[in-house]
DNA sequence: GTAATTCCCAACGCTAGCGTTGGAAAGGAA
DNA sequence: TTCCTTTCCAACGCTAGCGTTGGGAATTAC
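Residue numbers (my numbering), protein chains in the order written: chain A, 1 to 194; chain B, 1 to 194.
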C-alpha cells in the first residue's frame with residue numbers, strides 16, 4: 001500500500017481536536033489520539049512533537065477557522081447584535097473552539113501560543129467597534145475594547161458554564177436555544193445602542 | 001500528641017480547593033493534595049472517599065460560601081448593576097469558585113452534584129429579578145432567567161478566558177481591573193434599564 | 001489495666017501514560 | 001538490481017498516580 005502522509009497527519013489532527021476539546025490537555029492521552037486516528041503513537045511524536053505542541057497546533061487551526069467564518073461587519077448597534085448572534089451560533093455549532101479556549105484559559109493562562117497574532121486579530125474587531133462609535137451609531141458609554149469583550153461574554157458564557165445555564169434557564173432544547181440566541185442578540189444590541 | 005481529626009480534614013479540604021482550582025480534576029493528584037496538606041494519602045480516601053467525591057465536596061463548600069457572601073438585593077436596574085459588580089469582585093477575590101465551576105462545566109457538564117439544591121439557589125435570584133420587573137424598575141425586554149444569566153455572563157467571562165481578556169483589553173493591572181469593573185456595572189445596569 | 005476503637009502512615013500491587021528505539025516495509029535514485 | 005530515504009509500528013523502559021493493606025500509636029470504654 002502507498003504512503004499517505006498527508007492523510008495520516010490529518011487523521012491525527014482530527015482526532016486531536018476531538019480529544020483535546022472533550023478532555024482537555026491533561027485528560028487527553030497521546031495513546032488515545034493515536035488509537036482514534038488509527039495510527040501508531042510514534043507518528044504523533046514524529047509529526048507534531050508531543051502533546052503540548054499538538055495542542056498548540058490544534059488551537060491555532062481552530063482559531064484560523066473562526067476568524068474566517070465569523071467576520072464582524074456591522075458598524076451599528078444592530079450589527080453588533082447580529083454579530084453576537086453569529087458568535088453564539090458558532091459556539092453552538094463548533095463547541096470545540098470554545099472548549100479549547102477555556103481549557104487553555106484554565107490550564108495555561110499566561111503565555112499562550114501565537115499571542116501576538118491573536119491580539120492583532122482582536123484588534124480588527126475593536127477597530128470595527130471604534131468606527132461605529134465615531135460614526136455615532138454605537139454608544140460611547142464604553143470604550144471600544146470593553147464593549148467588544150462584553151459582547152463576546154454575552155455570547156460565550158452559555159457554553160462556558162452549561163451546567164449553570166441549564167439550572168437557570170432550563171434544559172437545553174431547540175426552543176431554549178432559540179430563546180437564548182434571541183436574548184443574546186437583543187442584549188448586545190441594547191448594550192451597543194447609542 | 002493528641003489527635004486532630006477536624007484539623008486534618010480541614011487541611012485536606014484547603015489543599016484540595018487550591019489544587020482542584022489550579023489544576024482541575026484531571027490534573028490534580030491525590031498524592032499532591034496529601035503532600036500539600038502534610039498528611040498521608042490514605043487519610044483522603046478514609047475521610048472523603050476519593051478524588052471524585054472530594055471534588056464534589058469542595059465545590060459544594062465553595063458554592064455555600066458565595067451564596068452567603070454575595071446576596072442579591074437590588075430590585076432595580078442600578079441594583080442589578082451593583083450586583084454584577086459584586087459578582088465581578090468575588091470572581092477576582094476568590095478565583096477558586098469560578099475556576100472550579102468552569103472545570104466542572106468542561107469535565108462533567110451533565111449530571112453535576114447537588115443540582116437540585118443549586119437550581120433552587122438560582123431560583124431566588126431569578127425571583128428577585130422578576131420582582132423588579134413586576135415593579136417596573138427592571139426592563140421587560142428579557143425574561144427574568146435570561147437577564148439573570150446575561151448579567152452573570154458580563155461579570156464572569158473575564159476570568160473564564162483571561163488570556164482573551166488580556167489580548168483584547170490589555171494586561172491586567174489595578175487600573176485595568178477598575179475599568180473592567182466599571183464596564184460590568186454600567187453594562188448590567190444598561191441591560192436591565194427599563 | 002486492658003480491650004476496643006480510632007487515627008495515622010509506610011509500603012505495596014497495579015495500571016496507564018510518556019517518550020523512545022530498533023527494525024520492517026514501501027518507495028525512490030543510481 | 002542495489003542502495004538510500006521515508007513511513008510506519010510493536011515493544012520497551014520508566015514514571016506517576018490510583019486505591020489498598022497491614023500494622024503501629026494514641027485515645028476511649030469498660
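For every residue, glycine included, the Cβ atom is placed at its ideal position computed from N, Cα and C.
Whose C-beta lies closer than 7 Å to the C-beta of residue i among residues of the same chain, with five residues either side of it excluded?
i, result
"residue 170 of chain B", "176"
"residue 84 of chain A", "151, 154, 155, 184, 185, 188"
"residue 92 of chain A", "177"
"residue 49 of chain A", "none"
"residue 33 of chain A", "12, 15, 16, 19, 44"
Hey, residue i and residue j are a contact pair by Cβ (cut 8 Å); roughly how many whole angstroms apart?
i, j, result
"residue 192 of chain A", "residue 139 of chain A", "6 Å"
"residue 152 of chain B", "residue 87 of chain B", "6 Å"
"residue 105 of chain A", "residue 106 of chain B", "Not a contact, Cβ separation roughly 10 Å."
"residue 12 of chain B", "residue 39 of chain B", "6 Å"
"residue 146 of chain B", "residue 68 of chain A", "In fact, because the Cβ distance is near 30 Å, the residues do not count as touching under 8 Å."
Would you say residue i reaches chain B, if we count a Cβ-Cβ gap shorter than 7 Å as a contact?
i, result
"residue 60 of chain A", "no"
"residue 29 of chain A", "no"
"residue 160 of chain A", "yes"
"residue 138 of chain A", "no"
"residue 149 of chain A", "yes"
"residue 79 of chain A", "no"
"residue 183 of chain A", "yes"
"residue 72 of chain A", "no"
"residue 187 of chain A", "yes"
"residue 124 of chain A", "no"
"residue 75 of chain A", "no"
"residue 163 of chain A", "yes"
"residue 154 of chain A", "yes"
"residue 85 of chain A", "no"
Answer with yes or no whether the minimum CB distance from residue i to chain A is below 7 Å.
i, result
"residue 119 of chain B", "yes"
"residue 50 of chain B", "no"
"residue 114 of chain B", "no"
"residue 130 of chain B", "no"
"residue 169 of chain B", "yes"
"residue 146 of chain B", "yes"
"residue 142 of chain B", "yes"
"residue 127 of chain B", "no"
Which class does residue i belong to by DSSP, given the choice of helix, strand or coil?
i, result
"residue 75 of chain B", "coil"
"residue 193 of chain B", "coil"
"residue 20 of chain A", "helix"
"residue 27 of chain A", "helix"
"residue 183 of chain A", "helix"
Leaving aside the five residues before and after residue i along the sequence, list all residues of the same chain whose C-beta is less than 6 Å from its C-beta, in chain order.
i, result
"residue 28 of chain A", "19, 20"
"residue 81 of chain A", "185, 188, 189"
"residue 124 of chain B", "none"
Tell me which residues share the same chain as residue i and place their Cβ nearer than 8 Å to its Cβ, disregarding the 5 neighbours each side in the sequence.
i, result
"residue 166 of chain B", "172"
"residue 58 of chain A", "13, 16, 17, 20, 100"
Practice prompt. Please specify which runs of the alpha helix (DSSP H), each continuous and at least 4 residues long, are wholly inside the stretch 112-165 of chain A, giving them in chain order.
Written response: 115-134, 144-160
Worksheet item: Mind pulling the alpha helix (DSSP H) runs of 4 or more residues that sit fully within the stretch 37-100 of chain B?
Response: 41-48, 51-69, 77-93
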